[in-house]
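K.L.:
Heads up, the sequence shown is in our numbering, so the first residue is 31 and it goes up one at a time. Idealized CB from N, CA, C, for every residue including glycine. Computed from a predicted structure; not experimentally measured. Got a structure for you, questions after.
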Amino acid sequence: MVSWCGSRGLRWLAWVASAGAVIGLGWLAYRGLTHTPSSPSVDPRSLPFWESATEVGITWRMNFLPNEQGTTFKINLYDHGSGLAVGDFDGDGHDDLYFCNELGPNALYRNKGDGTFEDVTDRAGVGLGDRVCTGATFVDYDNDGRLDLYVSSTRGGNVLFRNVGEGKFQDVTESAGLTHVGHSQTGVFFDYNDDGLLDLYLTNTAEWTSSTFDREAHYYLGKGDFGSVGLSRKEMNVLYRNNGDGTFTDVTEKAGLEGRGWAGDAAPLDYDDDGKIDLFVTSMFGRCQLYHNNGNGTFTDVTLKVLGRTPYGATGVKVFDFNNDGRLDILVVDMHSDMWMGLDWGQSSRELAERVHKQKFRYINGPMVKEDPSLSESEKEFARRLGFRHEDVLFGNALYRNEGGGKFTEVSEVAGLETFWPWGIAIGDFDNDGNQDVFLPSGMGYPFYYWPNALLMNRGNGTFEDRAKELGIEPPPRGQFFPERIDSLLAARSSRCAVTADFDGDGRLEIVTNNFNDQPYFFKNQLPRKNYVSFRLRGTRSNRDALGAVVRVYCGKQILTRQVQGAGGYLSQSSHILHVGLGDETKIDHVEITWSGGEKQRLEQVKVNALNDIVEPSRGASP
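Structure, rendered in structure tokens:
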């Protein structure tokens, strides 16, 4: 998202806030010229990751709003783009894809099972097209064995589509009691009260749009300056309890999960291993929140006690075990702390960004405070107006290593996970070596310069290495820039959201992105084959999707841990199928499943290099 607090902007914050003026041009003296479009020198088909969206049949594109971006660029959340979701909606055993759009219909692509996809949007009845859609989630909210679809929107109304079979959906939003209209981001489903029913946690931001409605494009015009956007009235998050009869009830106030505003993503996890699902919530302006589930329908904010400082400008969060110690860690990416250059029409900050992009700074103004120490004082007024304290936040990504016993240590810089302009997070063991890797969709697009996506491969020693260029993720085969310029400037491509799944069933995880005003990337995984095991869980006493369940694969001295997750990583949802790389190992000692609610199941025999379907045993049954 474009900065509302550039280095010069914070110095005149008081004036900006009162006058509602647009933050001006970037003022850096550095002159990093824009790169020219690149032409790959090798055949993309030969790369470890082959970008093959067109070849597999995905030709749809996400469209931005011309009156908010392009030549009429405004400072607001419309430049956050739209998300995507993975789920087997027709129950044929193959994961399908749903893409969200700002201008025009969304798209549902059915996986044909032969490595290609077909557009079935119209047949399914889930295109919408009459609102700006942000995120989507496939979920079996009524436990009938069919994946339903929840779609969030910016002031267009969120939608619950019930899967009625035969590849079709029915809009049941009103009858379900989910008619919220606001500036929504992600709908995260989890069973907060352990009754076997999936509840819905809806994240919202703030009232950053105006009252003017564009009837042709079906959206409310966005405000376009720091004073009116950054200080917009915050919208609170909503917790809906699943009543089990197809309806939901708002229990937010009782649960204590209103949040602090500007929420973009959430991640359910049992951080203290007490058998109850807790919740981590990101904030785009101010500290994030970690809520402890008290077990009585209420939650307590324990962020500062358990985690300490959290990212100031967080967009996405993902839970995974990065060091194979059997405990789930928390990765948070911070987009807004990397906007210290302000609205950089002249694209003049590249040289400095390339020097400092792996560093954290003590202030929102980042490297500019060194040149002008007075900027640190202006941030105090900024913090007061937005309602956060500098001592509660850090400026950059965060990786919280789980030490056990409800304790965490922040290790992002040591791990090599401090990056520049990240939006979302997609996790997967892409090379099947047993260590989970990280893909970060990144970049700003026009009027900024190109910034690459990051493919951070896990070295297995607690650190990561960006190998995006080596493995074929960068540079994009269609070029870093669009063929058409905007106001004589090169318009850079950029990704917003990403998901992972083994779409072709060959034991290797693909990466799919939803790009800003562009066709998606479909990165087919062509890395050398190694051993793996995968699991598809079905709950019986717990929710049928098994969301929240944790699988631990004991293999030698390692504990390879995976959690079944709903939406997460920022406006995205990856596959429910758990994928575990085994490297050269051909045997597994045993597998332990912790189902949502805390019940454990031990498996002595599992098939390697295959998908294992596991059904939760009934109470009292032998494991």
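Measuring CA to CA, which of THR624, ASP174, GLY157 and LEU190 is closest to GLY217?
P.N.:
The count along the sequence shown starts at 1 and reaches residue 217 at position 187. Taking only the C-alpha atoms, the option nearest GLY217 is LEU190.
K.L.:
Within 10 Å of its beta-carbon, does ILE53 have 16 or more other beta-carbons around it, so buried, or fewer, so exposed?
P.N.:
As a first step, residue 53 is located in the sequence shown; it is residue number 23 there, counting from the start. Because ILE53 sits at a pLDDT of 28, beneath the cut-off of 50, its placement in the model cannot be relied upon, and the following sentence gives the value as read from the coordinates. By the 16-neighbour rule on beta-carbons within 10 angstroms, ILE53 is buried.
K.L.:
In three-state terms, what does DSSP make of HIS110?
P.N.:
As a first step, residue 110 is located in the sequence shown; it is residue number 80 there, counting from the start. In this structure, HIS110 counts as helix in the three-state DSSP scheme.
K.L.:
For the beta strand (DSSP E) containing MET487, list its first residue and its last residue.
P.N.:
Reading the sequence shown from its first residue, position 457 is the one you call residue 487. Taken as a continuous stretch (DSSP letters only), the beta strand (DSSP E) holding MET487 covers 484–488.
K.L.:
Can you grab the Cα-Cα spacing for the pair VAL363 / GLY252, in whole Å?
P.N.:
Within the sequence shown, the letter at position 333 stands for residue 363. Within the sequence shown, the letter at position 222 stands for residue 252. Answer to the nearest angstrom: the Cα atoms are 25 Å apart.
K.L.:
Can you determine whether any heavy atom of the ligand FAD sits closer than 7 Å to the C-beta of ARG526, and answer yes or no?
P.N.:
Here there are no bound small molecules, and the ligand FAD is not part of this structure.
K.L.:
If you draw a straight line from the alpha carbon of TYR655 to that of LYS554, how long is it in whole angstroms?
P.N.:
Because residue 655 is not part of the residues shown, which for the chain are 31 to 653, the question remains open.
K.L.:
Could you give the C-beta distance for ASN188 and VAL181, rounded to a whole number, given that I count them as a contact under 8 Å?
P.N.:
Working through the sequence shown from its first residue, we reach residue 188 at position 158. Working through the sequence shown from its first residue, we reach residue 181 at position 151. At roughly 7 Å, the Cβ-Cβ gap stays under 8 Å, so ASN188 and VAL181 are in contact.
K.L.:
Give me the Cα-Cα distance between THR242 and TYR250, rounded to the nearest whole angstrom.
P.N.:
One-based indexing of the sequence shown puts residue 242 at position 212. One-based indexing of the sequence shown puts residue 250 at position 220. When rounded, the distance between both Cα atoms is 6 Å.
K.L.:
By DSSP's criteria, PRO298 is part of a beta bridge. Which residues make up the other side?
P.N.:
Within the sequence shown, numbered from 1, the residue matching residue 298 stands at position 268. Looking at the DSSP output, PRO298 sits in a beta bridge with LEU309.
K.L.:
Between which two residues does the beta strand (DSSP E) containing ARG140 stretch?
P.N.:
Numbered from 1 along the sequence shown, position 110 holds the residue referred to as residue 140. Element bounds for ARG140: 137–141.
K.L.:
Span of the beta strand (DSSP E) holding ALA285?
P.N.:
Position 255 of the sequence shown, counted from the first residue, corresponds to residue 285. Element bounds for ALA285: not the beta strand (DSSP E) but the alpha helix (DSSP H), 282–285.
K.L.:
Put GLU85 into one of helix, strand or coil per three-state DSSP.
P.N.:
What you label residue 85 is simply residue 55 of the sequence shown in a count that begins at 1. Reduced to three states, the DSSP call for GLU85 is helix.
K.L.:
In chain order, which beta strand (DSSP E) runs of at least 3 residues are fully inside the region 218–293?
P.N.:
Runs of the beta strand (DSSP E) inside the region 218–293: 229–234, 239–244, 249–252, 268–272 and 278–280.
K.L.:
How many Å lie between ARG271 and THR345 at the Cα?
P.N.:
Residue numbering aside, residue 271 sits at position 241 when the sequence shown is read from its first letter. Residue numbering aside, residue 345 sits at position 315 when the sequence shown is read from its first letter. Cα-Cα distance, rounded: 25 Å.
K.L.:
Excluding sequence positions up to five away, which residues of its chain have a Cβ less than 6 Å from the Cβ of THR146?
P.N.:
By one-based count along the sequence shown, residue 146 stands at place 116. Excluding positions up to five away in sequence, the list reads VAL86 and GLY87.
K.L.:
Quick one: grab the DSSP three-state call for HIS322.
P.N.:
The residue given as residue 322 occupies position 292 in the sequence shown. It is a strand residue.
K.L.:
If you compare alpha carbons, which of HIS248, LEU416 and THR439 is closest to GLY316?
P.N.:
Sequence index remark: in the sequence shown, residue 316 carries index 286 (1-based). Of HIS248, LEU416 and THR439, the residue nearest in Cα terms is LEU416.
K.L.:
Within a Cβ cutoff of 8 Å, which residues of the same chain sit near ALA576, ignoring the five residues on either side of it in sequence?
P.N.:
Indexing the sequence shown from 1 puts residue 576 at position 546. Excluding sequence neighbours, ALA576 sits near LEU567, ARG568, GLY569, VAL594, HIS606, TRP625, SER626 and GLU646.
K.L.:
How about the region 590–604 and the region 214–229: do they share at least three Cβ pairs that are nearer than 8 Å?
P.N.:
Between the region 590–604 and the region 214–229, the count of C-beta pairs closer than 8 Å reaches three or more; the two stretches touch.
K.L.:
I'd like to check one pair, ARG523 with TYR480: are the Cβ atoms closer than 8 Å?
P.N.:
The residue labelled residue 480 in the question sits at position 450 within the sequence shown. The residue labelled residue 523 in the question sits at position 493 within the sequence shown. Against a cut-off of 8 Å, the Cβ pair of ARG523 and TYR480 comes out as a contact.
K.L.:
Report back the beta-carbon spacing between ASN561 and ASP614 to the nearest angstrom; my notes put them in contact at under 8 Å.
P.N.:
Numbered from its first residue, the sequence shown carries residue 561 at position 531. Numbered from its first residue, the sequence shown carries residue 614 at position 584. Going by Cβ atoms, the distance from ASN561 to ASP614 rounds to 7 Å, so yes, they are a contact pair.
K.L.:
Measure the C-alpha to C-alpha separation of SER313 and LYS410 and round it to an integer number of angstroms.
P.N.:
The residue given as residue 313 occupies position 283 in the sequence shown. The residue given as residue 410 occupies position 380 in the sequence shown. Using only the alpha carbons, I get a separation of about 19 Å.
K.L.:
Could you have a look at ARG566 and say whether DSSP puts it in helix, strand or coil?
P.N.:
Looking up residue 566 in the sequence shown gives position 536. If DSSP states are grouped into helix, strand and coil, ARG566 belongs with the strands.
K.L.:
Report the partner residues of VAL336 according to the DSSP bridge assignment.
P.N.:
Residue numbering aside, residue 336 sits at position 306 when the sequence shown is read from its first letter. Residue pairing from DSSP leaves VAL336 without any beta-bridge partner.
K.L.:
Taking 8 Å as the cut-off, decide whether the C-beta atoms of LEU486 and ASP461 are in contact.
P.N.:
Taking the sequence shown and counting its residues from 1, the one referred to as residue 486 is at position 456. Taking the sequence shown and counting its residues from 1, the one referred to as residue 461 is at position 431. Their beta carbons are not under 8 Å apart, which means LEU486 does not touch ASP461 by this criterion.
K.L.:
Mind checking GLN635: buried by the 16 CB within 10 Å criterion, or exposed?
P.N.:
What you label residue 635 is simply residue 605 of the sequence shown in a count that begins at 1. With fewer than 16 neighbouring CB atoms inside 10 Å of its own CB, GLN635 falls in the exposed class.
K.L.:
Please classify LEU95: does DSSP put it in a helix, a strand, or coil?
P.N.:
In the sequence shown, residue 95 corresponds to position 65, counting from 1. Coil.
K.L.:
With DSSP as the reference, label ASP416 as helix, strand or coil.
P.N.:
The residue given as residue 416 occupies position 386 in the sequence shown. The question names Asp, but residue 416 in the sequence shown is Leu. Of the three classes helix, strand and coil, the one that applies to LEU416 here is helix, per DSSP.
K.L.:
Alpha carbon to alpha carbon, how far is VAL74 from THR279?
P.N.:
Indexing the sequence shown from 1 puts residue 74 at position 44. Indexing the sequence shown from 1 puts residue 279 at position 249. The displayed chain sequence assigns Pro, not Val, to residue 74. Approximately 50 Å between the Cα atoms of the pair.
K.L.:
Just reading off the beta strand (DSSP E) that ARG526 is part of, what are its end residues?
P.N.:
The residue given as residue 526 occupies position 496 in the sequence shown. Note, ARG526: beta strand (DSSP E), 525–531.
K.L.:
Suppose the cutoff is 6 Å on Cβ atoms and the five residues either side in sequence are ignored; what does the same chain contact list for ARG170 look like?
P.N.:
Here the question's residue 170 lines up with position 140 in the sequence shown. First, the residue type needs correcting, since residue 170 is Asp and not Arg in the sequence shown. LEU177, ARG574 and ASP575, listed in sequence order.
K.L.:
Alpha carbon to alpha carbon, how far is TYR342 from PHE418?
P.N.:
For the purposes of this step, residue 342 is taken as the residue at position 312 of the sequence shown. For the purposes of this step, residue 418 is taken as the residue at position 388 of the sequence shown. Each residue's alpha carbon lies about 9 Å from the other.
K.L.:
Which residue's Cα is closest to the Cα of ASP619: SER408, CYS585, SER602 and TYR600?
P.N.:
Translated into positions along the sequence shown, residue 619 becomes position 589. Measuring from the Cα of ASP619, the nearest candidate turns out to be CYS585.
K.L.:
Among the candidates GLU514, ILE516, ALA521 and ASN465, whose CA atom is the shortest distance from the CA of GLU495?
P.N.:
Looking up residue 495 in the sequence shown gives position 465. Taking only the C-alpha atoms, the option nearest GLU495 is ASN465.
K.L.:
Quick check: the Cα distance between TYR393 and GLU98, rounded to an integer number of angstroms?
P.N.:
What you label residue 393 is simply residue 363 of the sequence shown in a count that begins at 1. What you label residue 98 is simply residue 68 of the sequence shown in a count that begins at 1. Spanning the two alpha carbons is a distance of roughly 29 Å.
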